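Before any comments, here is the structure.
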Amino acid sequence: MATKKTGPATGSKASSVLTSKNTGKASKSAAGSALAQVKSTKNTSAKAASAASKALRDERTSATSKAAAGSALGAADWQEGLIRSAAKVDMASRAEASAVIEGEVEEVHAGLGLAHVRGTDGLLYGVNRKTPGITFDALCVGQRLRCEVTSKFHRVVRVEALL
Numbered sequence: 032m033a034t035k036k037t038g039p040a041t042g043s044k045a046s047s048v049l050t051s052k053n054t055g056k057a058s059k060s061a062a063g064s065a066l067a068q069v070k071s072t073k074n075t076s077a078k079a080a081s082a083a084s085k086a087l088r089d090e091r092t093s094a095t096s097k098a099a100a101g102s103a104l105g106a107a108d109w110q111e112g113l114i115r116s117a118a119k120v121d122m123a124s125r126a127e128a129s130a131v132i133e134g135e136v137e138e139v140h141a142g143l144g145l146a147h148v149r150g151t152d153g154l155l156y157g158v159n160r161k162t163p164g165i166t167f168d169a170l171c172v173g174q175r176l177r178c179e180v181t182s183k184f185h186r187v188v189r190v191e192a193l194l
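Residue numbers (this note's numbering): 32 to 194.
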């Protein structure tokens with residue numbers, strides 16, 4: 032996990048942000064996180080990083096508050112958060128897949144990277160180059176496929192060739 036130490040100049044600014052009565056809640060949270068890192072190497076929590084980000088985006092935030100927020104964000108471990116987010120998205124798309132439909136390829140548009148599959152339920156499904164489970168260039172009209180489809184929007188999340 033990455034660590035960051037706040038310098039003395041930023042620590043001084045963070046202190047003034049905390050003592051000011053005109054400072055908003057998000058700015059104070061970011062300043063507190065930055066101030067906690069003056070003498071030790073601590074990581075910014077996700078909640079404090081979110082508050083710091085909000086303070087940076089707010090046009091009413093002073094330059095001193097933005098310096099403290101920037102320091103707090105510098106200590107946030109963003110890579111770990113991005114990995115967790117990607118895993119959640121993958122799990123969510125797999126969790127919403129609720130039906131397995133068999134169908135036949137009706138047309139292949141190689142130039143567009145799109146193929147249409149008519150399911151046994153009568154619906155037309157789209158399969159593209161990025162649909163997992165099959166090599167798109169191997170698709171041909173009349174081929175039978177098994178598609179894992181979401182109940183919401185009928186999106187194909189995985190496809191498998193049938194013999």
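Every residue, glycine too, gets a C-beta built ideally from N, C-alpha and C. Since we're looking at a predicted model, the values are computed, not measured.
About 7 Å separates the Cβ atoms of V180 and Y156, confirming a contact at the 8 Å cut-off. Taking all protein chains in view, the Cβ of S96 is crowded by 16 or more other Cβ atoms within 10 Å, so the residue is classified as buried. In this structure T162 does not touch E133 by the C-beta definition: roughly 15 Å separates them, more than the 8 Å allowed.
The alpha-carbon of L143 is positioned some 26 Å away from that of L194.
The straight-line gap separating the alpha-carbon atoms of C178 and V131 is approximately 6 Å.
Ranked by Cα distance from K52, the options S93, R88, S81, K78 are led by S93.
For A192, the enclosing beta strand (DSSP E) has its first and last residue at 187-192.
Under the three-state reduction of DSSP output, V172 falls in the coil class, being neither helix nor strand.
7 Å or more divides the Cβ of V158 from the Cβ of V172. Assigned with DSSP and collapsed to three states, A141 falls in coil, not helix or strand.
Cα atoms of H140 and I165: separation of roughly 16 Å, rounded to the nearest angstrom. Cβ contact annotation for A57 (same chain, cutoff 6 Å, sequence separation greater than five): A82, K85, A86, in chain order.
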